[in-house]
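First up is the structure itself, then whatever we jot down about it.
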Amino acid sequence: MRLRDPAALPRAGLTLLFLLLLVPAFNLTEFNPALLFEQRSRETMGKFIASFFPPALSPEFLALVMRSTLETLAIATAGMAIALVIACPLCLIVARNLSISRIGPGPGYLAGRIIRLPARFLLVFFRSIPEIVWALLFVRAVGLGPAAGVLAIGVAYSGMLGKVYSEILESNDPRPAAALFETGGGRIQAFFYGTWPVALPELVSYSVYRWECAVRASVIMGFVGAGGLGQQMELSMRMLNGGEVSTILIVFLLLVMLADGVSAVLRRVTA
Amino acid sequence: MRGAHWCVVGVLLGATWASFAYLALDLSQLASAAALRQMGLYVVSFFPPDLSREFVARIGVSTLETLAISATSTALAAVLGLLLALPAAGRFGPLARTAARLLLNFLRSIPELVWAALMVIAAGLGPFAGTLALTWHTAGVIGRLFAETLENAPAEPARALQLTGSGPSPAFLYGTMPNVVPQLVAYSLYRWEINIRMAAILGVVGAGGLGQMLYVSLSLFQQPQALTIIIAMLLLVVLVDGASAWLRRRLAG
C-alpha cells in the first residue's frame, strides 16, 4: 500500500523513540498495574472504597472534623502572620528601589551592599525548601501538632512573600521614592509616602492569594503530623475508615471553595 | 486609608489573634532560651552532610527514581488527559461534556499528596504509588488545559476536510491536531517540570523517590543523611529550573 501521508514515517519513528525512552522509566517506577488487581489488594481496596459511601456523619465525628477545620484555618492564618513578620523587613532590605546607596556613593554604600546579600540568601533559602519538608523538620524539632505547621508555613511563605513583595515594590514607579531620598528622606518615609500608596492593592491581593495557598498547604502538611484536617485524614486512612475519609475530603473541597470566596471578597474590598 | 480599610485591618488583626489563641500557641515558650538551645542543637546535628560514596550512590538511584516517576506519570497523564479532553471539549455532545468535566474537576481538586496517600493503600509503598498519584492529578489538570486548547482551535481546517468528503476522525487528525499539537506538548512539558518537583516530595507519605528517603532518614534520626537528601532535592530543582529556562529561550528565540 502506498502511504498517503508523507509525514507518517517520521512521526511513527519519533513516537517509537519516545516509547523506548520511557521503558527504563517504567522499570524504575516498578510500574505494575496487575498489582492493583491482585486478590489481596483488590479486597482491601474494594472494602475501603465501598466504605466511602455513605460519608461518616455522626455528630461526634462532625464535631471533630469541625475542630480540625478550624485548626487548619488557624494554622494558615497564624503561619501567614509569622511569614509577614519575617518577610516585611527582609523585603524592605532587599528591594532595590528603597536603597539609599543606589543614588550614589555615600556613607552607607558598602554596608547596604553587604547587608543585602545575606537577606537575599535567606529569602532564597526559605523558599527553596518545599513547605512539606519544612513541616517534616519542624515536626521533629517541636513535636507533632499545629505548632510545627504554623512554623513551616511561616518560614516557607516568608521566602516567597519577601521575594514577591520586593519585586512588586521594584516594579512600581520608582520616582516618588527616589525624589524623597534625594530631598533627604529616610527609608521608612520613602516607603510609606513613595511606594506604599502605589503598591498597596497588588501587595494585598498577592497576600490574600498566598493565604488561600496556605489553607491548602496546611491541610497537606497534616499528613506528616503538623495538625489540622490533614492529620485527621491521615488517621482515618490508616484505619481504612472510608466513610471518615470521604467526609473529610468533602469538607476539604468546601474549605478550598470557601477560601477562594473569602479571598475574592477581600480583594474586591481592598482594591 | 478609608473607613473600610481600617475595618479590614481590624478584622485581620482579630483573626490573627483568634488563630494564635485557638491553637494555644505560646510564642514566648517556643522562643524561650531552652527551646532555642534545643532547636540549635537539632540544626547542628545536621552537619556535616553525609557525603560517603555509597550514600551518594543511593541518592543517585533515588533521584533517577524521582525523575522516572515524574516522566512516566506525565506521559500517562497526557494520554489520559487527551482521551478525557475530547469529550470535555464537547465533541461527543453536551452530556459527555458535563460528565468529562466533572471527572476532570474531581481528579484535579484532590491534591497530589492526598492521591499519593490513597494510592499507597491501593498499590503498597513504593514508586508505583507515586506514579499513579501524580498521573491522576496531572490528568485532571492536563485534561482541562487540553480541552480548552481543543475548544480554541480554529474550526476551519477540519470543516474544510469534512466538506471535501473526509470522515470526522481523519478531519480531526489532519485538520485539528496539527494546529494544537505544539500547545499540547508545551503544556505537557510544563506539567513535567512541576511533577519533578512534586515527585521529589511525594515520598513523605511513602510513595517512593527522594521524599521517601528523606522521611526514612529523618525518622531514624540520621540528620546528616537527611541534609544530603535535602541538598540533592535543591540541586534537582535548580537543574530543572535552569534546563527549562534554557529550553524556553531556545524554543522562543
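Here the protein sequences come in this chain order: A and B.
Last residue of the first sequence: 271 (our numbering), numbering continuous.
Last residue of the second sequence: 524 (our numbering), numbering continuous.
Where is the CB? At the ideal position from N, CA and C, for every residue including glycine.
The structure displayed is predicted, hence computed values, not measured ones.
| Item | Value |
| --- | --- |
| With a 10 Å radius around its C-beta and 16 neighbouring C-beta atoms as the bar for buried, classify C91 of chain A as buried or exposed. | buried |
| Taking the alpha-carbon positions, what's the A141 of chain A to G311 of chain B distance? | 10 Å |
| Could you list which residues in chain B have their beta carbon closer than 9 Å to that of I86 of chain A, in chain order? | Near I86 of chain A there are no residues of chain B at all, since even the closest Cβ is about 13 Å away, more than 9 Å. |
| Compare the beta carbon distance of I168 of chain A and A190 of chain A with 8 Å and say whether it is the shorter of the two. | no |
| Decide if K163 of chain A is buried, meaning its Cβ has at least 16 other Cβ atoms within 10 Å, or exposed. | buried |
| Between the beta-carbon of A226 of chain A and the beta-carbon of P174 of chain A, is there less than 8 Å? | no |
| Would a C-beta distance cut-off of 8 Å place T343 of chain B and A25 of chain A closer than the cut-off? | yes |
| For chain A, is any of its Cβ atoms less than 8 Å away from the one on L460 of chain B? | no |
| Please report how far the alpha carbon of V150 of chain A lies from the alpha carbon of A431 of chain B, in whole angstroms. | 59 Å |
| My output table needs one value for Q231 of chain A: the three-state DSSP class, helix, strand or coil. | helix |
| What's the gap between the Cα of R4 of chain A and the Cα of V476 of chain B? | 51 Å |
| From A289 of chain B to E71 of chain A, what distance separates their C-alpha atoms? | 11 Å |
| By the three-class DSSP mapping on this structure, what secondary structure does F399 of chain B have? | helix |
| Go through the stretch 394 to 438 of chain B residue by residue and report every complete run of the alpha helix (DSSP H) that reaches 4 residues or more, in order. | 398 to 423 and 427 to 434 |
| Quick check: L366 of chain B and G411 of chain B, are their CB atoms within less than 8 Å of each other? | no |
| What residues of chain A sit near V476 of chain B, judged by a beta carbon separation below 9 Å? | F223, V224 and E234 |
| For V215 of chain A, which residues in the same chain have their Cβ closer than 8 Å to its Cβ, ignoring the five residues on either side in sequence? | T72, L73, A76, L255, V256 and A259 |
| Is there a Cβ from chain A that is less than 8 Å from the Cβ of V487 of chain B? | no |
| Answer yes or no: do G243 of chain A and G230 of chain A have a C-beta to C-beta separation smaller than 8 Å? | no |
| Which class does M239 of chain A belong to by DSSP, given the choice of helix, strand or coil? | coil |
| On the three-pair Cβ rule with 8 Å, is the stretch 420 to 438 of chain B touching the stretch 378 to 393 of chain B? | no |
| Report buried or exposed for R521 of chain B, applying the criterion of at least 16 other Cβ atoms within 10 angstroms of its Cβ. | exposed |
| Would you call L53 of chain A buried or exposed, if buried means 16 or more other Cβ atoms sit within 10 Å of its Cβ? | Checking the sequence shown, residue 53 of chain A turns out to be Phe, not Leu. Answer is exposed; the Cβ neighbour count stays below 16. |
| In this structure, how does DSSP classify F363 of chain B when only helix, strand and coil are distinguished? | coil |
| Beta-carbon of S263 of chain A versus every beta-carbon of chain B: anything under 8 Å? | no |
| Inspect the beta-carbon positions of F61 of chain A and L240 of chain A and report whether they are closer than 8 Å. | no |
| Using the beta-carbon of each residue, which ones in chain A are nearer than 8 Å to V508 of chain B? | S128 |
| Could you tell me the distance, in whole angstroms, from the CA atom of F384 of chain B to the CA atom of L403 of chain B? | Correcting the residue identity first, residue 384 of chain B is Leu in this sequence and not Phe. Using only the alpha carbons, I get a separation of about 11 Å. |
| Let me make sure I understand the geometry here. Which of B:E464, B:P441 and B:A371 has the alpha-carbon closest to that of E419 of chain B? | B:A371 |
| Can you give the Cα-Cα distance for V332 of chain B and F399 of chain B, rounded to whole angstroms? | 15 Å |
| In the stretch 342 to 375 of chain B, which residues sit with their C-beta less than 7 Å from some C-beta in chain A, listed in chain order? | A342, T343 and A346 |
| Given that L36 of chain A touches chain B, what residues does it touch there, using C-beta distances under 7 Å? | A393 and A394 |
| Specify the secondary structure class of S333 of chain B as computed by DSSP and reduced to three states. | helix |
| Helix, strand or coil for N27 of chain A, going by three-state DSSP, please let me know. | helix |
| Could you round the C-beta distance between G397 of chain B and G479 of chain B to whole angstroms and report it? I think they count as a contact, below 8 Å. | 5 Å |
| Measure the CB-CB distance between T195 of chain A and L98 of chain A and report whether it falls below 8 Å. | yes |
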